[in-house]
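Working notes, beginning with the structure itself.
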Amino acid sequence: MFPGTSDEELKAAIARVRRLYRDLRAVPAGLPQERARIWRERIQKDPAMVQVRAAFDLWCALWFWPLNQLSEAPGPRTLHAPSEAAKAVVKTVRDRLRFFHWKLEFPDVFTELGAGFDAVVGNPPWEIQKPNSKEFFSNHDPLYRAYGKQEALAVSAAAISGGLNRE
5 MFPGTSDEEL KAAIARVRRL YRDLRAVPAG LPQERARIWR ERIQKDPAMV
55 QVRAAFDLWC ALWFWPLNQL SEAPGPRTLH APSEAAKAVV KTVRDRLRFF
105 HWKLEFPDVF TELGAGFDAV VGNPPWEIQK PNSKEFFSNH DPLYRAYGKQ
155 EALAVSAAAI SGGLNRE
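Numbered per the working numbering, the sequence shown spans residues 5 to 171.
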């Protein structure tokens, strides 16, 4: 699962995975069965893909490691060669949480020079920010929320015309 993977070996495996994805992208989108076959038979089973996925799964599993098995958790010196017990914990955590590795699933978007998404997603137009004067002026005058409407308007006008003390 993690055959003595050094940083250089992992980088080489990631480069191979990127090449596999380039091969997949070369297949026309109009041939979904062919793309699925390449994904199943060439990419998912490729030793480089298995190696990179295992390393990514290990890293993610460390953040969710069961507290009653901390003695099995690999440390900085054993991260590249975890014990069999640690591999079993990784498998259990991975199967339970079903990690999704963005850099592995979309290597062309995250790892290639000049890559990125071609879409910008934001809040819908009906989601707008509205100023909250009580919250704003309470930071400068702790009693602001206790003022009546007219007194609050006078205090806020004075604060604006006199300039707010900026911290």
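Virtual Cβ for every residue (Gly too), placed ideally from N, Cα, C.
The beta carbon of A16 sits closer than 7 Å to no other beta carbon from its chain once the five residues preceding and following it are set aside. Around the beta carbon of I164, fewer than 16 other beta carbons sit within 10 angstroms, so the residue counts as exposed. When the beta-carbon positions are compared, E76 and A89 come within less than 7 Å of each other.
Check the Cα spacing between A40 and each of Y25, P135, P51, V54: the tightest is with Y25. Taking 7 Å as the cut-off, the beta carbon of V97 is found closer than this to the beta carbon of F68.
R102 and V56 have their alpha carbons spaced roughly 15 Å apart. Boundaries of the alpha helix (DSSP H) harbouring V54: 51–66, taken from the DSSP string. 7 Å or more divides the Cβ of I42 from the Cβ of L62. Note on V125: under 16 other CB atoms within 10 angstroms of its CB, so exposed under the neighbour-count rule.
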